[in-house]
Amino acid sequence: MSNVFKGVEPLVVKSKISVPYHWWAGETASAFFIKLRDEQKISGTWCAACKKLFLPPRKTCPLCFSAQIEWKTVQPVGTVTAFTVVRRQLAAMPRKAPVIYAMIKIDGTETGLLHILDEVKPGDVKIGMRVEAKFAEVRKATIFDIEYFRPAR
Amino acid sequence: MAKRAAIVGTGQTFHKSHRPDVNGQELINEAVSRALLDANLTMKDIDAIIIGNMDHFEGINYVDCWSVDGSGGTMKPVMKITTGGTTGCTIAIGGYHLVASGMFDKVLIVGWEKNSESDTSGAITTAFDPIWDRLVFAGAISGLAAEAQAYIARYGATDRDGARVSVRDRKHALNNPHAQLRKEVSLEEVLASPMLADPIHLLDVCPRTDGACAVIMASEDSAEKITKTPDWIWGTGNRHPYAYLGDADYGRLTSMERTAKEIFKKAGIKEPRKEINVIELYQPYSFAGIIWIEDMGIVPPGKGAEYIWSGATDMGGELPINPSGGVISCNPIGATGLIRCAEAAMQVMGKAEGRQVPDVNHAVSTGFGGCWWTDMILHGKKKPNY
Ligand SMILES: [Zn+2]
């Protein structure tokens, strides 16, 4: 077991696959991001049968599969339900470590929205803290049209 | 035409951080040869093969075909199943479905991974939705850390509690010659290791591993002819929560709770803590060893840490968990869930050698996937009465 590599000259073929994609955001997400970009408003989808508001929004209710959904605008304010502080840099991370990732339950919605916290020290973040969206100056219809969330004022 | 089904043989590689001496097919071949030897069968006896690994990890898409030199699948029915972290458990469930349906008598199940061949953090990030989650989020650890933070806030656990789980699994690994990491650590060493994502330290999480595992399942028509001690499958299940990272109830693994309830109800298990004798838990980081046994119904919510500290889940305790050393000691991802299944089967069959738990009647093995989904299998010594 310990000597399995004895006498082995490992030959490695190095290669790289470049895989560009462009993902169509789809009908539901497009409606959300256009409203976010143009009006700086956050909206979710309401299932009347389940009486729940989902954010991210969806074309069908994830619980009962009903397609009878209705858009509702919510205030850009919510509560942190989970978070972590990432200390180690990964290439795919959107900014320099340390980064505070948080699940934010926007008031009135059923599910959490994943985003970044800023204008707060990592040590001061608490589950249950109230936060508000800081909208980006330049908006491109992506999730970063909300630049980050910060402690509610 | 439905049949009862059992595991009749298992095989694994000696897992390592990298295996520069073999390619993927050769790695698979090591596990398959050992499983055939264990069951005293030859490739001729195998009616179908299910194989699985992680999407993007080796950059090979037609693994079902590409792997036949290793798996022995030339001109046999071969199917590939891949479900992220749960892959190894899902292929076992898929194999069970094939045998239990009566369509195939003997099925070979193969899980494998050469984690060393690519940027696995990049590949894992493709598990997250590209529009909503992926721009914000990266890697596998951040989500687990958020779960631990939410659990800590709700139940008052500490990072010492998590570290105790890591100490247990790393100690158990000393008994398993197949495990990659076989070094005992102390609580203080876990807590002093670098913080990756609060509250998870380096020694709280699983490594990256090259390895393969193979399991042979047979129907009740042949299982007892192949081995005197088949490991009967009593139930399998899986559940997915909904689509986005923010949809989960952080601090609770709802998919585990639902899966466990379904399987235990079917098997007539009323007190899992007393009726299950060993668990091979797909536990990619230490805190899951506290949180998820609560969701499985072993102890009530908030009582996991106390149960771990009591020593009940150590070798020699009431309900040993991860005698193999678990995922923290060894994680060839596409094989990881199947290793849990094989280790549970070995416990039931009395073949677990230095890591054998005495008198195992029922064992549980599980699989976990990054956006909070769960696979689970209930194993048993007796043939199920349904
Ligand atoms: Zn609904």
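Taken in sequence, the protein lines are chains A and B. Counting from 1159, one number per residue, gives the positions in the first sequence under the working numbering. Counting from 25, one number per residue, gives the positions in the second sequence under the working numbering. For each residue, glycine too, the CB sits at the ideal point set by N, CA and C. Keep in mind the model is a prediction, meaning the values are calculated, not measured.
Check, Outcome
"Would you say Met1261 (chain A) faces chain C, with C-beta separation under 8 Å as the test?", "Among the protein chains in the structure shown, which are A and B, there is no chain C."
"Which same chain residues end up closer than 7 Å to Thr253 (chain B) when comparing Cβ atoms and leaving out the 5 residues on each side of it in sequence?", "Met373, Gly374"
"Is there contact here, the region 186 to 199 of chain B with the region 238 to 251 of chain B, by at least three beta-carbon pairs under 8 Å?", "no"
"Excluding the five sequence neighbours on either side, which residues of its own chain have a C-beta within less than 7 Å of the C-beta of Gly1286 (chain A), listed in chain order?", "Thr1237, Val1238"
"In three-state DSSP terms, what is Tyr1219 (chain A)?", "In the sequence as presented, Tyr is not what sits at residue 1219 (chain A); that position holds Cys. Cys1219 (chain A): coil per DSSP, three-state reduction."
"Less than 8 Å between CB atoms is the rule here; does Asp319 (chain B) satisfy it with respect to chain A?", "no"
"Starting from the beta carbon of Gln173 (chain B), find every residue of chain A whose beta carbon is closer than 7 Å, and list them in chain order.", "Ala1240, Phe1241, Thr1242, Ile1285"
"How is Cys365 (chain B) classed by DSSP in three states: helix, strand or coil?", "helix"
"For Lys405 (chain B), count neighbouring Cβ atoms within 10 angstroms of its own Cβ and tell me buried if that reaches 16, exposed if not.", "buried"
"For ligand 1, I want to know if Leu1211 (chain A) counts as a neighbour, meaning its beta carbon is within less than 7 Å of at least one of the ligand's heavy atoms.", "no"
"Compute every distance between the C-beta of Ala1207 (chain A) and the non-hydrogen atoms of ligand 2, then say whether any falls below 7 Å.", "Ligands in the displayed structure: ligand 1; ligand 2 is not one of them."
"What does Thr149 (chain B) touch in chain A if you count any residue whose Cβ is under 9 Å from its own?", "Leu1248, Ala1250"
"Quick one: is Gln371 (chain B) buried, meaning 16 or more other Cβ sit within 10 Å of its Cβ, or exposed?", "buried"
"Between the Cα of Asp383 (chain B) and those of B:Gly393, B:Gly394, B:Ala368, spot the shortest distance and give me the residue it belongs to.", "B:Ala368"
"Check whether the Cβ of Ser310 (chain B) lies closer than 7 Å to any heavy atom of ligand 1, and answer yes or no.", "no"
"Give me the DSSP bridge partner(s) of Tyr1366 (chain A).", "One cannot answer for residue 1366 (chain A) here, as it falls past the ends of chain A, which runs 1159 to 1311."
"If the cut-off is 8 Å on Cβ atoms, which residues from the region 1294 to 1305 of chain A count as contacting chain B, listed in chain order?", "Thr1300, Ile1301, Phe1302"
"Leaving out the 5 sequence neighbours to the left and right, which residues in its chain are closer than 7 Å to Ala170 (chain B) when beta-carbon positions are compared?", "Tyr274"
"On a Cα-Cα basis, can you pick out the residue from B:Phe161, B:Asp153, B:Leu60 that is closest to Val131 (chain B)?", "B:Leu60"
"Is any non-hydrogen atom of ligand 1 found closer than 7 Å to the C-beta of Leu1221 (chain A), if you look at the structure I gave you?", "yes"
"Report yes if the C-beta of Ser95 (chain B) is less than 7 Å from at least one heavy atom of ligand 1; otherwise report no.", "no"
"Met280 (chain B) by DSSP, collapsed to three states: which one?", "helix"
"Given 7 Å as the limit, tell me if Ser1224 (chain A) has its C-beta closer than that to any heavy atom belonging to ligand 1.", "yes"
"Less than 8 Å separating the beta-carbons of Gly108 (chain B) and Met78 (chain B)?", "yes"
"Please list, in chain order, the chain A residues whose beta carbon lies closer than 7 Å to that of Ala169 (chain B).", "Thr1242"
"Which residues in chain B have a C-beta closer than 7 Å to the C-beta of Ala1183 (chain A)? List them in chain order.", "Ile155"
"Name the chain A residues that come within less than 7 Å of Tyr274 (chain B), Cβ to Cβ?", "Thr1239, Ala1240, Met1261"
"So, does the region 343 to 351 of chain B touch the region 258 to 273 of chain B, judging by three or more C-beta pairs under 8 Å?", "no"
"Reducing DSSP to helix, strand and coil, say where Pro1280 (chain A) ends up.", "helix"
"Taking Cβ-Cβ distances shorter than 7 Å, what residues in chain A pair up with Ala221 (chain B)?", "Thr1242, Val1243, Val1244, Arg1245"
"What residues match up with Cys1205 (chain A) in a beta bridge as DSSP calls it?", "A:Lys1210, A:Ile1227"
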